[in-house]
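Q:
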Amino acid sequence: MNDCILVINCGSSSIKFALVPLQADHPRPGGLVERLGTSEPVLKITDENGIRQQFDLAGADHPAAMKAILEHLGERQPIAIGHRVVHGGERFKSATLIDDDVIDGIRKCTSLAPLHNPANLDGIEATRRLFPELPQVAVFDTAFHQTMPEHAYRYAIPTELYQKHGIRRYGFHGSSHAYITERLAELSERGTGGWVIAHLGNGCSATAVWQGRSMDTSMGMTPLEGLVMGTRSGDVDPGLHLHLANQCGWSVQQIDQMLNKHSGLMGVSGLSPDMRDLEQAADKGHAGARLALDVFCYRLARTLAALSCALPRLDGIAFTGGIGENSPLVRARALSMMNALRPCLSAAANENLARGSEGRIDQARNDDTTEVRPEIWVIPTDEEGHIARETSELVQTHANHPEART
Ligand code: AMP
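The opening position of the sequence shown corresponds to residue 931 in my numbering, with each subsequent residue numbered one higher.
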């Protein structure tokens, strides 16, 4: 019997899902529901034979969409459900078995993630109603970063704001950074040393990890801080808000839309938020695309170098996410600006690494044997696999020790 975990990532207008078998190398059916909340939601599903199908879900809300997902997954029913939850605040430091009290705790974190946590809760409540007998686990994006020291997670603003309102840096992409950390420990002889991990997708964040624990990360109280992203600005001068409000008459909502939806690669290039489009356009001489690439790579290099300050020793750098896994150009450009850390990229290994595969891309054997250079790795991320594993481990622990909920 091949047990599997249903992994759910529920947004306000979409539900991503995957049925993850606990035995590695088994097929992983999955898909997504898009356009929830409109008149034409649609379910796109790829079954275990790789066959893709699409179904109209006219009129479906979150519970109806969830029911449709389970019906179309066929005979293979899950033994537990793992939910990606964006914000766990300071309460949730690891994956947690869901009960009414945990739901209440997730709701209390809503002020920190007003767009995400309510949608995550919609997904949890729908699956709890549909499958009251199945154990459900919340896996938090923020949990991996709860090990950050206070000097890394505090903003230099009045302490009262932290104490009364929880305003501090939390970090995100926890399942991805945790997965890459585990994989590095398996792949590299340097094991759980000091690593800087760059997760570069539509959202981008980088994390410094020492002995398996997050020491600092580029995202902050929200996923807007840090690196340049597809449509998100990353770091800007906090004085920008006041300037746009006072000098240009912008509302808070307009500023928020601009920073989250119209900035980043999209904003600088004026062309596209998608790195593939920008690489092609830059190649043909598009000035906006070239500048967007320059800004992206420079800010990336600067952030990776800065994060090395969180580590007693830098053993290596790892790239993941759609851009990190697939763009030799971005990897090479960013590393070429990090001379102070002495990375030694193998141009051939960087260019020739097959898309979607794991590999080491530094010049492993330096002639200069007195100097230890950072290793450079590319590792495709597996957030769903990580959520499924956390879910299954917690459910098993709870079965053996019913008092254990985290
Ligand atoms: P993700 O959010 O992890 O799916 O990553 C999406 C980003 O990865 C988009 O900016 C894509 O353009 C980028 N990406 C995917 N494939 C490639 C590729 N072959 N070369 C450059 N960027 C890519």
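In this text, a Cβ means the ideal position worked out from N, Cα and C, and glycines have one as well.
Heavy atom of the ligand AMP less than 7 Å from the Cβ of I1253, yes or no?
A: True, at least one ligand heavy atom lies under 7 Å from that Cβ.
Q: Mind listing, in chain order, the continuous beta strand (DSSP E) runs of no fewer than 3 residues lying wholly within the stretch 1063-1127?
A: Fully enclosed beta strand (DSSP E) runs of 3 or longer: 1066-1070.
Q: Going residue by residue through the stretch 965-1009, where are the continuous beta strand (DSSP E) segments of at least 3 residues, counting only ones entirely within it?
A: Within the stretch 965-1009, the complete beta strand (DSSP E) runs of at least 3 residues are 972-976, 982-986.
Q: If I measure Cβ to Cβ from L1230 and keep anything under 8 Å in the same chain, skipping five residues before and after, which residues do I get?
A: Cβ within range, chain order: A1128, L1130, C1134, A1136, L1157, V1158, V1260, A1264.
Q: Could you pull out every unbroken beta strand (DSSP E) segment of at least 3 residues lying fully inside the stretch 1177-1236, listed in chain order?
A: With a minimum length of 3 residues, no continuous beta strand (DSSP E) run stays inside the stretch 1177-1236.
Q: Touch check for the stretch 1006-1019 and the stretch 1070-1088: three-plus C-beta pairs under 8 Å?
A: They touch, by the three-pair rule.
Q: Taking the Cβ atom as the reference point for each residue, do G1179 and S1199 lie within a distance shorter than 8 Å?
A: Not a contact, by the Cβ cut-off of 8 Å.
Q: Grouping DSSP H, G and I as helix and E and B as strand, with all else coil, what is A948?
A: Strand.
Q: Between M931 and the rest of its own chain, which residues show a CB-CB distance below 7 Å, the 5 nearest in sequence each way excluded?
A: For M931, the pLDDT reaches just 46, beneath the cut-off of 50, and the residue's location in the model is therefore unreliable, although a value from the coordinates is still provided. For M931, where only same-chain residues beyond five positions count, there are no Cβ hits under 7 Å.
Q: Should the stretch 1312-1325 be regarded as contacting the stretch 934-943, the criterion being three or more beta carbon pairs within less than 8 Å?
A: Enough Cβ pairs lie closer than 8 Å, so yes.
Q: Hey, S969 and A988 are a contact pair by Cβ (cut 8 Å); roughly how many whole angstroms apart?
A: So it is a contact: roughly 7 Å between Cβ atoms.
Q: State the DSSP-derived secondary structure class of L936, mapped to helix, strand or coil.
A: Looking at L936 - three-state DSSP - the assignment turns out to be strand.
Q: DSSP state of E1288, grouped into three classes?
A: Three-state DSSP puts E1288 in coil, outside helix and strand.
Q: Compute the Euclidean distance between the alpha carbons of S1322 and A1010, then round it to the nearest angstrom.
A: Roughly 7 Å between the two C-alpha positions.
Q: Just mark I1253 as buried or exposed, buried being the case when its beta carbon has 16 or more other beta carbons within 10 Å.
A: Classification for I1253: buried.
Q: Suppose contacts are defined by Cβ-Cβ distances below 8 Å. Is N1132 in contact with G1160 by that definition?
A: The answer is yes: Cβ separation under 8 Å.
Q: CB-CB under 6 Å to V1166, same chain, minus the five flanking residues each way: which ones, in chain order?
A: Cβ neighbours of V1166 beyond the five flanking positions: none.
Q: How many angstroms separate the CA atom of L889 from the CA atom of Q1187?
A: Residue 889 is absent from the structure shown; the chain starts at 931 and stops at 1336.
Q: Can you tell me whether G1160 sits near the ligand AMP, meaning its C-beta is under 7 Å from at least one heavy atom of the ligand?
A: Under cutoff, so the answer is yes.
Q: Locate the beta strand (DSSP E) running through V1032, then write down its first and last residues.
A: No beta strand (DSSP E) holds V1032; the alpha helix (DSSP H) holding it covers 1030-1038.
Q: Grab me the residues of N979's own chain with a C-beta within less than 8 Å of its C-beta, minus the 5 sequence neighbours each way, in chain order.
A: Excluding residues within five positions, the ones whose Cβ falls inside 8 Å are P957.
Q: Under the three-state reduction of DSSP, which class applies to E1320: helix, strand or coil?
A: Here E1320 sits in helix by DSSP.
Q: Answer yes or no: do A1138 and L1237 have a C-beta to C-beta separation smaller than 8 Å?
A: A contact, by the Cβ cut-off of 8 Å.
Q: Does the Cβ of M1205 lie closer than 7 Å to at least one heavy atom of the ligand ZN?
A: In the structure shown, the ligand ZN is absent; the only ligands present are the ligand AMP.
Q: Sorted by chain position, which residues of the same chain lie with C-beta nearer than 7 Å to L949's C-beta, five sequence neighbours on each side aside?
A: Taken in chain order, the residues that qualify are C934, L936, R958, P959, G960, L1003, R1006, P1008.
Q: Any heavy atom of the ligand AMP closer than 7 Å to the beta-carbon of S1135?
A: Outside the cutoff, so no.
Q: Between P1079 and chain D, is any beta-carbon pair separated by less than 8 Å?
A: The structure shown contains no chain D; it is built from a single protein chain.
Q: Rounded to whole angstroms, what's the CA-CA distance from S1202 to E1063? Just pull it up for me.
A: Approximately 45 Å between the Cα atoms of the pair.
Q: Near T976, which residues of its chain fall below 7 Å by C-beta distance, leaving aside the five closest residues on each side in sequence?
A: For T976, where only same-chain residues beyond five positions count, the Cβ hits under 7 Å are P959, G960, G961, R982.
Q: Compare the Cα-Cα distances from G1289 to each of E1116, R1272, L1170 and report the closest residue.
A: Looking at the Cα atoms, E1116 is the closest of the given residues.
Q: Any heavy atom of the ligand AMP closer than 7 Å to the beta-carbon of S1148?
A: No, the beta carbon of S1148 sits no closer than 7 Å to any heavy atom of the ligand AMP.
Q: Regarding N1176 and the ligand AMP, is the C-beta to nearest heavy atom distance less than 7 Å?
A: No, the beta carbon of N1176 sits no closer than 7 Å to any heavy atom of the ligand AMP.
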